[in-house]
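Enquirer: These protein sequence lines map, in sequence, to chains A and B.
So the mapping is simple: my numbering equals the position in the first sequence, first residue as 1, plus 5.
So the mapping is simple: my numbering equals the position in the second sequence, first residue as 1, plus 5.
Number of protein chains: 2
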Amino acid sequence: MADLQIPSQMTQSTKPLRRVAFIGAGNLATRLALAMQERGFEVMQVWSRTAQSAEVLASLLGCGATTTLADLTPEADLYVFAVSDKALPALLEAMPHRCGLWVHTAGSVGLSVFEACGMARCGVFYPLQTFSKARKPDFARIPIFIEARSAGDLELLREAGLRLSGSVSEATSEQRRQLHLAAVFACNFTNHMYAVAAQLVERSGLPFDALRPLIAETAAKINELTPREAQTGPAIRFDTAVIERHERLLADEPRLQELYHLLSLSIHDFANNQ
Amino acid sequence: MADLQIPSQMTQSTKPLRRVAFIGAGNLATRLALAMQERGFEVMQVWSRTAQSAEVLASLLGCGATTTLADLTPEADLYVFAVSDKALPALLEAMPHRCGLWVHTAGSVGLSVFEACGMARCGVFYPLQTFSKARKPDFARIPIFIEARSAGDLELLREAGLRLSGSVSEATSEQRRQLHLAAVFACNFTNHMYAVAAQLVERSGLPFDALRPLIAETAAKINELTPREAQTGPAIRFDTAVIERHERLLADEPRLQELYHLLSLSIHDFANNQ
């Protein structure tokens, strides 16, 4: 631990996190910044690589925008890095010295990313949800996973998190990585299943609307049953006649055909390992 | 068309479909029979290959049960074949003569399946939903797709369908096949994504509950956005660092690793064909 080499006044703070600067203006930054402002935080400034993104979010928040890291306010209690995983290390390297607590919001990036820039007050603030600029999520129900270098900062992040959500938990970098991987399946890949389904029904001259009750029920079902109990369809029934017919229907789309095949095999793996 | 060879009194009926016999006692048979009874249909009898299944459903309905096709009541207006696709042809071949309208409920089976048994009054009654015995669905919101050999029977099925649901539409066998294929993606494969996610979070010592708001939001989102607009995550951002890290995390599970890889490629295909 590097803490011993850092003066304690720089690693300890009991000042609540109220004034916030956002580094990033994407989907997560947008929804988190707006939710924080709504819950009484003062969002002071938005930085983004492109002026337009920074200005769009800043105008929603009524705060300042910048594309120059050197112009970032020194007065924030909390600096939220809500950028893509791949952009984060270079950005941290380019950051000027700023007091306050630095956090990132990335599922798959360890707390250790802050080591290179020598920050003692650093942490992670990871809301487990899918964010789109065009849709306001119910933040009160979003699980937030936190991690921090020091116990004091962990408590500050917990307090900040509880202003937004009823569910704030500590998770290690390793747990958060697994959570993020799980979330890719539960959300990103699930949404892709919807996209494939939409393409298939629309091709047959029927509206995507026909699938909405099915999609809603599939999601609602797992509030009563485990996903294993809720599994239905030709793969779990091992109905090879249907599986083969479906694979033939996808003959012109080798990628979807391969996907159908592999997903059916995987459903089988799971059923056999129960 | 074989209609010309069949006496017209056997192909035409305007008698509403009220008295129903169920051939099959699985998830769909169970939920459909209970919903029909609730909406004023008289479910007279349940046949199943196994006595236990027949009796369980018959006792829920308070009607007769049999495992012998020859004992099927001759008095039903509607015979609903709710069995697996692969069981259907042999069952139809073994069926004794019964007047009334015969329908099957299978997404991937054409109306032509009835040709072998020479039935003139035949059709399809396909509720597009996932059914589990343990969960009661809201039938009023389930789209029902119908098809029939004759216009008269199509109208009778429409009337019967509208007693159950606000959404009854005609679909050809070909359209229904595509719908079923789409439903496998939108429901069965989606549920498998939940099962994979559950396994991953539980392995990391966190509860599946952490993913519930994400799953609910992912499904709710597509009521406002198209699935293409709603797509988020490392694959659509082409965040190869995250993708590679996730694939490494799945190193011990080659099937899931392959699935992750293929799903990410497929998300890319879709983004590039927009």
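Using N, Cα and C, we set each Cβ at its ideal position, and we do this for glycine too.
Remember, predicted model here, so these are calculated numbers, not experimental data.
Kindly say whether PHE275(A), judged by its beta-carbon, lies nearer than 8 Å to any beta-carbon of chain B.
Expert: So yes, PHE275(A) belongs to the interface.
Enquirer: Just to make sure I have the definition right: I need the residues of chain B whose C-beta is within less than 8 Å of the C-beta of THR223(A). Which are they?
Expert: Under the 8 Å cutoff, chain B gives THR135, ALA191, CYS192, THR195, ASN196 and ALA224.
Enquirer: When Cβ atoms are compared, which residues of the region 234-248 of chain B fall closer than 8 Å to chain A?
Expert: Result list: GLU234, ALA235, GLN236, THR237, GLY238, PRO239, ALA240, ILE241, ARG242, ASP244, THR245, ALA246 and VAL247.
Enquirer: Measure from the C-beta of TYR199(A) to each C-beta in chain B and report whether the shortest distance is under 8 Å.
Expert: Chain B, which has a Cβ nearer than 8 Å to the Cβ of TYR199(A), makes this yes.
Enquirer: Only counting runs of 4 or more residues, tell me where the alpha helix (DSSP H) segments fall wholly within the region 146-202 of chain A, in order along the chain.
Expert: If we require 4 residues or more, the alpha helix (DSSP H) runs fully inside the region 146-202 of chain A come out as 156-169 and 178-188.
Enquirer: Where does PRO132(A) land, buried or exposed, given buried means 16+ other C-beta within 10 angstroms?
Expert: Burial call: buried.
Enquirer: Identify each residue in the region 83-108 of chain A for which the Cβ-Cβ distance to at least one residue of chain B is less than 9 Å, and report them in chain order.
Expert: So the list reads SER89, ASP90 and LYS91, given in the order they occur along the chain.
Enquirer: Helix, strand or coil: how does DSSP classify LEU106(A) here?
Expert: Three-state DSSP puts LEU106(A) in a strand.
Enquirer: Can you tell me which of the three DSSP states GLN204(B) falls into?
Expert: In the structure shown, GLN204(B) sits in a helix (DSSP, three-state: H, G or I).
Enquirer: What residue range is occupied by the uninterrupted alpha helix (DSSP H) comprising LEU66(A)?
Expert: First-last of the alpha helix (DSSP H) with LEU66(A): 56-66.
Enquirer: What is the DSSP secondary structure of GLN10(B), counted as helix, strand or coil?
Expert: Residue confidence is low: GLN10(B) scores 47 on pLDDT, short of 50, so the model does not pin down where it sits. No coordinate-derived value is stated.
Enquirer: Using only alpha-carbon positions, find the residue among PRO142(A), SER117(A) and ILE28(A) that is nearest to THR4(A).
Expert: Since the first and last residues shown for chain A are 6 and 279, residue 4(A) lies out of range.
Enquirer: Any C-beta of chain A sitting closer than 8 Å to the C-beta of ILE151(B)?
Expert: For ILE151(B), the answer is no, since every Cβ of chain A falls outside 8 Å of its Cβ.
Enquirer: Taking the C-alpha atoms as reference points, what is the distance between ASP82(B) and CYS127(B)?
Expert: The straight-line gap from Cα to Cα measures roughly 12 Å.
Enquirer: Look at the alpha carbon of THR22(A) and the alpha carbon of HIS197(B), and state the distance between them as a whole number of angstroms.
Expert: Residue identity differs from the one stated: residue 22(A) is Leu in this sequence, not Thr. Each residue's Cα considered, the two are about 40 Å apart.
Enquirer: Any contact between the region 150-165 of chain A and the region 47-64 of chain A? By contact I mean 3 or more CB pairs, one from each, below 8 Å.
Expert: In short, these stretches do not touch, since the Cβ pair count stays below three.
Enquirer: Decide if ALA256(B) is buried, meaning its Cβ has at least 16 other Cβ atoms within 10 Å, or exposed.
Expert: Burial call: exposed.
Enquirer: Quick one: does VAL206(B) have its CB under 8 Å from some CB of chain A?
Expert: Yes - at least one Cβ of chain A is within 8 Å of the one on VAL206(B).
Enquirer: Nearest to HIS251(B) by CA position, among SER64(A), ALA235(A) and LEU186(A), is which residue?
Expert: Selected option, being the one with the closest Cα: LEU186(A).
Enquirer: With distances taken Cα to Cα, identify the nearest neighbour of ALA165(B) among THR177(B), ALA176(B), ILE151(B) and SER178(B).
Expert: Answer by Cα proximity: ILE151(B).
Enquirer: For PRO79(B), is the classification buried or exposed, using 16 other Cβ atoms within 10 angstroms of its Cβ as the cut-off for buried?
Expert: Classification for PRO79(B): exposed.
Enquirer: Ignore the nearest five residues each way along the sequence and tell me which others in ALA7(B)'s own chain have a CB closer than 8 Å to its CB.
Expert: The predicted model places ALA7(B) with a pLDDT of 43, which falls under 50 and marks its position as unreliable, so this point remains unresolved.
Enquirer: Under 8 Å, with one C-beta from each stretch per pair, do the region 107-121 of chain A and the region 172-186 of chain A reach the 3-pair mark?
Expert: Output reads yes: the region 172-186 of chain A touches the region 107-121 of chain A.
Enquirer: Are the C-beta atoms of SER209(B) and some chain A residue less than 8 Å apart?
Expert: Chain A, which has a Cβ nearer than 8 Å to the Cβ of SER209(B), makes this yes.
Enquirer: Smallest Cα separation from VAL25(B): which of GLY45(B), THR19(B) and ASN32(B)?
Expert: The shortest Cα separation from VAL25(B) among GLY45(B), THR19(B) and ASN32(B) belongs to GLY45(B).
Enquirer: Starting from TYR131(A), follow its DSSP beta bridges and name the residues at the other end.
Expert: Bridge partners of TYR131(A): PHE150(A).
Enquirer: For PHE243(B), I'd like the list of residues in its chain whose CB is within less than 8 Å of its CB, leaving aside the five on either flank, ordered along the chain.
Expert: So the list reads HIS273, once near-sequence residues are dropped.
Enquirer: At a CB distance below 7 Å, what residues from the region 112-126 of chain A approach chain B? Give them in sequence order.
Expert: Within the region 112-126 of chain A, the qualifying residues are SER113.
Enquirer: Within 10 angstroms of its Cβ, does ARG208(A) collect 16 or more other Cβ (buried), or is it exposed?
Expert: That one is exposed.
Enquirer: Quick one: which chain B residues come within Cβ less than 7 Å of PRO232(A)?
Expert: By Cβ distance, chain B contributes ASN196, TYR199, ALA200 and ALA203.
Enquirer: State the CB to CB distance for the pair VAL51(A) and ALA30(A), rounded to an integer number of angstroms; the pair is presumed to be in contact (CB under 8 Å).
Expert: Between ALA30(A) and VAL51(A) the Cβ distance is about 5 Å, and since that is below 8 Å, they are a contact.
Enquirer: Residues of chain A with a CB under 8 Å from the CB of PRO142(B): which are they?
Expert: Neighbours of PRO142(B) on chain A, chain order: GLU222.
Enquirer: Leaving out five residues before and five after ALA215(A) in sequence, what residues of the same chain have Cβ atoms less than 8 Å from its Cβ?
Expert: Closer than 8 Å at Cβ, skipping near neighbours: VAL206.
Enquirer: Would you tell me roughly how many angstroms separate the C-alpha atoms of ILE241(B) and GLY210(B), rounded to the nearest one?
Expert: Answer to the nearest angstrom: the Cα atoms are 28 Å apart.
Enquirer: My output table needs one value for LEU211(B): the three-state DSSP class, helix, strand or coil.
Expert: The answer is coil: DSSP assigns LEU211(B) none of H, G, I, E or B.
Enquirer: What does DSSP give as the partner residues of TYR84(A) in its beta bridges?
Expert: ALA26(A) and TRP107(A).
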